[in-house]
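K.L.:
Its first residue numbered 305, the sequence shown is counted upward by one per residue in the working numbering.
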Amino acid sequence: MTDKPEQPGGLKAELLEIALDAAHRAGAFLRDGRPEDLGVAATKSSAVDVVTEMDIASEKLITGLLAERRPDDGVLGEEGASVEGTSGVQWVIDPLDGTVNYLYGLPSWAVSIAVRVDGETVVGVVYAPMRGETYRAVLGEGAYVNDHPARVRPAPDLELALVGTGFGYRAERRARQADVVRALIPHVRDIRRGGSAAIDLCDVALGRLDAYYERGLNPWDYAAGDLIAREAGALTGGRPSEPLSPDLTVAAPPGLFEVLQSRLDELGAWHD
Numbered sequence: 305m306t307d308k309p310e311q312p313g314g315l316k317a318e319l320l321e322i323a324l325d326a327a328h329r330a331g332a333f334l335r336d337g338r339p340e341d342l343g344v345a346a347t348k349s350s351a352v353d354v355v356t357e358m359d360i361a362s363e364k365l366i367t368g369l370l371a372e373r374r375p376d377d378g379v380l381g382e383e384g385a386s387v388e389g390t391s392g393v394q395w396v397i398d399p400l401d402g403t404v405n406y407l408y409g410l411p412s413w414a415v416s417i418a419v420r421v422d423g424e425t426v427v428g429v430v431y432a433p434m435r436g437e438t439y440r441a442v443l444g445e446g447a448y449v450n451d452h453p454a455r456v457r458p459a460p461d462l463e464l465a466l467v468g469t470g471f472g473y474r475a476e477r478r479a480r481q482a483d484v485v486r487a488l489i490p491h492v493r494d495i496r497r498g499g500s501a502a503i504d505l506c507d508v509a510l511g512r513l514d515a516y517y518e519r520g521l522n523p524w525d526y527a528a529g530d531l532i533a534r535e536a537g538a539l540t541g542g543r544p545s546e547p548l549s550p551d552l553t554v555a556a557p558p559g560l561f562e563v564l565q566s567r568l569d570e571l572g573a574w575h576d
């Protein structure tokens, strides 16, 4: 018996192969090419929400590969890449998720690539070079880390749950998020803040976190990790009866998901 996954066929197989190739190339570039004097190239929502020259170069590497191999596809990238496309296929790219970690030399950063076909995410790849791990999923085919099946941890009671989260970069939002954490932390095992939404979602898929939530994520932050978490057995969403969105992203195994989602809704985790 082998842990190696069955390979998907047709279009999904092609998209997975390209996503893996692009993520590994970009990840190797980021790992091996990081300058010792790496600095901030630009800021986004605030002075502490940074972009480095490597974010930009990584996105150019990925979009260049896609232009060669899938020139008719659409692209949505964090650092400004935007192509409508005509094929019904869209690539959702975070060329460096965990930029502040990368800037400081911390290991928790990744390249995240998802592929949507007619609006539905069918492939997700997250490559974390400093962990030596590649997480991937194909819709309906399960989730894997380095060719080994990924599966969520069985749902504990909320009081025993290790919960990951993250914080925005605007002072007003951070203050509100701190209020939510302060109210939540007495009722869970503990809180973790890793600094990469893509990795946090994959850690739910692997049972390294029981749950994860965050307000303020964009599609490139969660698209790949969301599919990986769901294919590993997690439920994902936003507010009750709503899909995950920039307002709120929640991921956890069934049984814990509903309890945590309800508690976060009561705490107003979906608004500043």
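By construction, the Cβ of each residue, glycine as well, lies at the ideal position given by its N, Cα and C atoms.
Since the model is a prediction, treat every value here as computed from it, not as a measurement.
1. For Ile322, which residues in the same chain have their Cβ closer than 6 Å to its Cβ, ignoring the five residues on either side in sequence?
2. Give a yes or no on whether the C-beta atoms belonging to Ala441 and Gly423 are separated by under 8 Å.
3. Report the residue from His452, Arg477 and Tyr473 whose alpha carbon sits nearest the alpha carbon of Gly402.
4. Classify Tyr408 as buried or exposed, calling it buried when 16 or more other Cβ atoms lie within 10 Å of its own Cβ.
5. Using 8 Å as the threshold, is the segment 379-388 in touch with the segment 480-494, meaning 3 or more CB pairs across them?
6. List the whole-angstrom C-beta distance separating Asp551 from Arg519, where the pair is believed to meet the contact cut-off of C-beta under 8 Å.
7. Return the residue from the list Gln481, Arg338 and Ala454 that minimises the CA-CA distance to Leu505.
8. Suppose only complete runs of 3+ residues qualify. What are the beta strand (DSSP E) ranges in the segment 456-521, listed by chain order?
9. Return the chain-ordered ranges of every alpha helix (DSSP H) run that is complete within the segment 537-571 and spans a minimum of 4 residues.
10. Got a sec, what are the start and stop residues for the alpha helix (DSSP H) Asp325 sits in?
11. Quick check on the burial criterion: 16 or more other C-beta atoms within 10 angstroms. Buried or exposed for Pro557?
12. Taking only the alpha-carbon atoms, compute the straight-line gap between Gly498 and Tyr431 and give it to the nearest angstrom.
13. Contact defined as beta carbons within less than 8 Å: I believe Ala418 pairs with Ala332. What is the distance between those atoms, to the nearest angstrom?
14. Can you list, in chain order, the residues of its chain whose CB lies under 7 Å from that of Arg457, leaving out five sequence neighbours each side?
15. Step through the CB atoms of chain D and report whether any lies within less than 8 Å of the CB of Gly537.
16. Just to confirm my understanding: we take Glu463, look at its own chain, exclude 5 residues before and 5 after, and list those with CB closer than 8 Å. What are they?
17. Which residues does DSSP pair with Val442 in a beta bridge?
18. For the beta strand (DSSP E) containing Pro399, list its first residue and its last residue.
19. State buried or exposed for Ser545, treating a residue as buried only when at least 16 other CB atoms are found within 10 Å of its CB.
20. Determine the extent of the alpha helix (DSSP H) in which Ala527 is found, giving its start and end residues.
21. Shortest alpha-carbon distance to Ile397 belongs to which of Leu466, Pro339, Leu369 and Ser412?
P.N.:
Judging by the given coordinates:
1. For the purposes of this step, residue 322 is taken as residue 18 along the sequence shown, with counting starting at 1. Arg373.
2. Within the sequence shown, numbered from 1, the residue matching residue 441 stands at position 137. Within the sequence shown, numbered from 1, the residue matching residue 423 stands at position 119. Gly423 is positioned such that its CB atom lies no closer than 8 Å to that of Ala441.
3. Against the sequence shown, residue 402 aligns to sequence position 98. Nearest in C-alpha terms to Gly402, of all of His452, Arg477 and Tyr473, is Tyr473.
4. To locate residue 408, count along the sequence shown from 1; it is residue 104. Tyr408 should be labelled exposed.
5. Taking a cut-off of 8 Å for Cβ pairs, the segment 379-388 and the segment 480-494 do not touch, as fewer than three such pairs fall below it.
6. Along the sequence shown, one-based indexing puts residue 551 at 247. Along the sequence shown, one-based indexing puts residue 519 at 215. That belief holds up - the Cβ atoms of Asp551 and Arg519 are roughly 7 Å apart, short of 8 Å.
7. Start at 1 with the first residue of the sequence shown, and residue 505 comes out as number 201. When only C-alpha atoms are compared, the closest one is Ala454.
8. Correct list: 466-468, 494-496 and 515-518.
9. Whole alpha helix (DSSP H) segments, 4+ residues: 561-570.
10. Taking the first residue of the sequence shown as position 1, residue 325 is located at position 21. The continuous alpha helix (DSSP H) containing Asp325 extends over residues Gly314 to Gly337.
11. Here residue 557 corresponds to residue number 253 of the sequence shown, with the count starting at 1. Looking at its Cβ environment, which holds 16 or more other Cβ atoms inside 10 Å, Pro557 is buried.
12. Taking the sequence shown and counting its residues from 1, one reaches residue 498 at position 194. Taking the sequence shown and counting its residues from 1, one reaches residue 431 at position 127. Those two C-alpha atoms are separated by around 15 Å.
13. Within the sequence shown, numbered from 1, the residue matching residue 418 stands at position 114. Within the sequence shown, numbered from 1, the residue matching residue 332 stands at position 28. Rounded to the nearest angstrom, the Cβ distance from Ala418 to Ala332 is 20 Å, too far for a contact under 8 Å.
14. Counting from one through the sequence shown, the residue named residue 457 turns up at place 153. Sequence-distant Cβ neighbours of Arg457 in its own chain, meaning closer than 7 Å and more than five residues away, are Gly511, Asp514 and Pro557.
15. The structure shown contains no chain D; it holds only a single protein chain.
16. Walking along the sequence shown from the start, residue 463 turns up at place 159. Answer for Glu463: His491, Val492 and Arg493, listed in chain order.
17. Within the sequence shown, numbered from 1, the residue matching residue 442 stands at position 138. Answer is Val427, bridged to Val442.
18. Locating residue 399 in the sequence shown gives position 95, counting from the first residue. Note, Pro399: beta strand (DSSP E), Val393 to Asp401.
19. Along the sequence shown, read from residue 1 onward, the residue named residue 545 stands at position 241. So Ser545 counts as exposed.
20. In the sequence shown, counting from the first residue as 1, residue 527 sits at position 223. In the DSSP assignment, Ala527 falls within the unbroken alpha helix (DSSP H) covering Pro523 to Glu535.
21. One-based indexing of the sequence shown puts residue 397 at position 93. The option with the nearest alpha carbon to Ile397 is Leu369.
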